[in-house]
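Residue numbers (the numbering used here): 3 to 141.
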């Protein structure tokens, strides 16, 4: 009955975020703009996943705690979103080639099984890149 639809992010620069997420395979499929220029809402799509980007002209900065899972996970609320890859090493190499991550970024083994690393979008929002080969996900 229920399936995943979208993740919403508030960003400071719509164009910069569209370029960043474009490097992760997202393409713009919709744009709405307020007549007074106070807000744009952009939908980006990658497969069945939609990112909804809110860009307010007069935004409020996020707290510094969002920039690391060590300080952000204990705070109630949405923490990050993850993108699944077939090979974590290939993803790290690809993102390093695009200038989005240092080649030396540490690949970690998650407590629940997946291997992962994090990148930050232009506003410091954490994006988890995960290789998840657990059997329950594959039938």
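Glycine included, C-beta positions come from ideal geometry on N, C-alpha and C.
Residues that DSSP places opposite residue i in a beta bridge
{"i": "residue 43", "result": "34 and 56"}
{"i": "residue 118", "result": "110 and 132"}
{"i": "residue 29", "result": "47"}
Where residue i sits in the DSSP three-state scheme
{"i": "residue 66", "result": "helix"}
{"i": "residue 84", "result": "strand"}
{"i": "residue 11", "result": "strand"}
{"i": "residue 5", "result": "coil"}
{"i": "residue 125", "result": "coil"}
{"i": "residue 74", "result": "helix"}
{"i": "residue 89", "result": "coil"}
{"i": "residue 101", "result": "coil"}
Through-space distance from residue j to residue i, alpha-carbon basis
{"i": "residue 69", "j": "residue 125", "result": "9 Å"}
{"i": "residue 11", "j": "residue 33", "result": "14 Å"}
{"i": "residue 40", "j": "residue 31", "result": "21 Å"}
{"i": "residue 112", "j": "residue 134", "result": "10 Å"}
{"i": "residue 84", "j": "residue 9", "result": "10 Å"}
{"i": "residue 107", "j": "residue 89", "result": "15 Å"}
{"i": "residue 15", "j": "residue 35", "result": "14 Å"}
{"i": "residue 73", "j": "residue 81", "result": "10 Å"}
{"i": "residue 66", "j": "residue 105", "result": "25 Å"}
{"i": "residue 140", "j": "residue 132", "result": "15 Å"}
{"i": "residue 109", "j": "residue 130", "result": "11 Å"}
{"i": "residue 54", "j": "residue 7", "result": "10 Å"}
{"i": "residue 44", "j": "residue 56", "result": "7 Å"}
{"i": "residue 75", "j": "residue 122", "result": "15 Å"}
Of the listed residues the options, nearest to residue i (C-alpha basis)
{"i": "residue 64", "options": "85, 127, 88 and 82", "result": "127"}
{"i": "residue 91", "options": "36, 120 and 66", "result": "120"}
{"i": "residue 42", "options": "19, 79 and 89", "result": "19"}
{"i": "residue 38", "options": "13, 5 and 59", "result": "59"}
{"i": "residue 117", "options": "87, 53 and 56", "result": "87"}
{"i": "residue 27", "options": "5, 13 and 50", "result": "50"}
{"i": "residue 98", "options": "3, 25 and 21", "result": "25"}
{"i": "residue 5", "options": "52, 95, 21 and 13", "result": "52"}
{"i": "residue 61", "options": "95, 23, 96 and 13", "result": "13"}
{"i": "residue 102", "options": "22, 46 and 3", "result": "22"}
C-beta neighbour in chain C for residue i, strict 7 Å
{"i": "residue 138", "result": "Although the question refers to chain C, the structure presented lacks it and comprises just one protein chain."}
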